[in-house]
Amino acid sequence: MFTLPGLAATLLSTAAVAQQPRPTAPATPAAAAPAAVPPAPLADGYVLGTGDVVEVSVLGRAEFAARVQVQADGTIQLPYLRSVPAANMTVLQLRDDIRKRLQAGGFYTDPVVAVTVATYTSRYVTVLGQVSQPGLVPVDRAYRVSEILARVGGAQASAADAIQLRRADGSTLSLPIATIASGGPDQDPYVTPGDKLFLPEAPIFYISGAINGQGAYKVDREMTVRKALARAGGVTDRGSDKKVKVFRNGQEVKIGLDEPIMGGDSIKVGERFF
Numbered sequence: 123m124f125t126l127p128g129l130a131a132t133l134l135s136t137a138a139v140a141q142q143p144r145p146t147a148p149a150t151p152a153a154a155a156p157a158a159v160p161p162a163p164l165a166d167g168y169v170l171g172t173g174d175v176v177e178v179s180v181l182g183r184a185e186f187a188a189r190v191q192v193q194a195d196g197t198i199q200l201p202y203l204r205s206v207p208a209a210n211m212t213v214l215q216l217r218d219d220i221r222k223r224l225q226a227g228g229f230y231t232d233p234v235v236a237v238t239v240a241t242y243t244s245r246y247v248t249v250l251g252q253v254s255q256p257g258l259v260p261v262d263r264a265y266r267v268s269e270i271l272a273r274v275g276g277a278q279a280s281a282a283d284a285i286q287l288r289r290a291d292g293s294t295l296s297l298p299i300a301t302i303a304s305g306g307p308d309q310d311p312y313v314t315p316g317d318k319l320f321l322p323e324a325p326i327f328y329i330s331g332a333i334n335g336q337g338a339y340k341v342d343r344e345m346t347v348r349k350a351l352a353r354a355g356g357v358t359d360r361g362s363d364k365k366v367k368v369f370r371n372g373q374e375v376k377i378g379l380d381e382p383i384m385g386g387d388s389i390k391v392g393e394r395f396f
């Protein structure tokens, strides 16, 4: 999960390559091409950082082609130019800077430079907790929370019903999973590099006695005693919902059937009198 295959953002300058033969006749205009698909939201403006891998080339110049990684000092090593600053530059800025350096050094008079991000490594979102594949998720464009969840394999059965989004600035959001994909932008916001997503383990309640499904169950939102009984399959023929006791931290608490329960609660269903 520490690398992301290239969502290539190939960016070409519009000038012609230097030292090309002068055409003997004007080129025949090509037929109109279909409308291009809009680029990914962050493709053009992706800001490079340490660990990112870029491919740099000059059109028609096989001798100038390199696949290089942004080093710890923020530079990349290129033919002719050697060390070139790349960190904290967008792909467009790096492309234009390389083109200017090639011209200023007298290597090419008017090169067509292409810069492609091959591997996005420096900018990522951290995903932890009850997901299938917790870890670092590189972000090469604008992703919503639902997309990040899908990329880590989704929530596990033991997960709570809300995920915590902690922004790089320290602010925190709690987002119900059930409404993330179906809700609007407020329910499924974009993440940004440096954000952290944490999906906690769901709180558990325990139920025993005259109930059809004794055991441990996840405490859902707005879980009441009555809903807990239904979750466990209902009371048995000999059971009675009037004989329900709730224990919290080892002590019996007096709550009604329609009052909420908490994680760690133990519910015991007694038998009715005949």
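Each number in my numbering corresponds to the 1-based position in the sequence shown with 122 added. Glycine is no exception: its CB is placed at the ideal position from the N, C-alpha and C atoms. Everything numeric in this text was worked out from a predicted model, so none of it was measured.
Terminal residues of the beta strand (DSSP E) in which residue i lies
i: I389; result: 388-393
i: Q225; result: Where Q225 is concerned, there is no enclosing beta strand (DSSP E), although the alpha helix (DSSP H) it sits in stretches over 213-226.
i: L240; result: Sequence inspection shows Ala at residue 240; the Leu mentioned does not correspond to that position. Run containing A240: 235-241, per the beta strand (DSSP E) assignment.
i: V206; result: 204-207
Buried or exposed by the 16-neighbour rule on C-beta atoms within 10 Å, applied to residue i
i: V268; result: Correcting the residue identity first, residue 268 is Ser in this sequence and not Val. Counting Cβ neighbours within 10 Å, S268 comes out buried, since at least 16 surround it.
i: Y202; result: exposed
i: L379; result: exposed
i: A350; result: buried
i: R217; result: buried
i: V375; result: exposed
i: R204; result: exposed
i: F395; result: exposed
i: G337; result: exposed
i: R221; result: buried
i: P260; result: buried
i: P179; result: One point to set straight first is that residue 179 is Ser, not Pro, in the sequence displayed. Buried, since its Cβ has 16 or more Cβ neighbours within 10 Å.
i: P307; result: exposed
i: G167; result: exposed
i: T294; result: exposed
i: D174; result: buried
i: P233; result: buried
i: A184; result: exposed
i: G331; result: buried
i: D317; result: buried
i: G355; result: exposed
i: G361; result: buried
i: R144; result: Confidence in R144 is poor, its pLDDT being 37 and thus under 50, which makes the residue's placement unreliable; the coordinate value appears in the next sentence. Its Cβ having fewer than 16 others within 10 Å, R144 is exposed.
i: D359; result: exposed
i: A188; result: exposed
i: A272; result: exposed
i: A208; result: buried
i: T231; result: exposed
Residues bridged to residue i (per DSSP)
i: V247; result: V259
i: A187; result: S179
i: Q398; result: Outside the shown range of the chain (123 to 396) lies residue 398, about which nothing can therefore be said.
i: V169; result: T212
i: V253; result: A277
Residue-chain proximity (residue i, chain C), Cβ-Cβ < 8 Å
i: L297; result: In summary, chain C is missing from the structure at hand, where a single protein chain is found.
Integer Cβ distance of residue i from residue j, believed to fall under 8 Å
i: Y265; j: V313; result: 6 Å
i: T243; j: E177; result: Not confirmed; about 14 Å, so no contact.
i: I383; j: V357; result: Wrong, their Cβ atoms sit about 16 Å apart, outside the cutoff.
i: L321; j: A290; result: About 19 Å separates the two Cβ atoms, so there is no contact after all.
i: G227; j: N210; result: That pair is no contact at about 23 Å.
i: P325; j: G251; result: The pair is not a contact, with the Cβ atoms about 14 Å apart (cut-off 8 Å).
i: K365; j: G392; result: 3 Å
i: L200; j: V249; result: About 35 Å separates the two Cβ atoms, so there is no contact after all.
i: V274; j: V253; result: 5 Å
i: R348; j: Y339; result: With a Cβ gap of about 14 Å, R348 and Y339 do not count as contacting.
i: I302; j: D310; result: 5 Å
**Prompt:** Quick one: complete beta strand (DSSP E) runs, 3+ long, within the region 336-396?
**Reply:** If only complete runs of 3 or more residues are kept, the region 336-396 shows the beta strand (DSSP E) at 337-340, 361-370, 373-375, 388-393, in order along the chain.
**Request:** With a floor of 3 residues, list each beta strand (DSSP E) that falls wholly inside the region 256-337, ordered by position along the chain.
**Result:** 257-260, 284-288, 294-298, 318-321, 326-331
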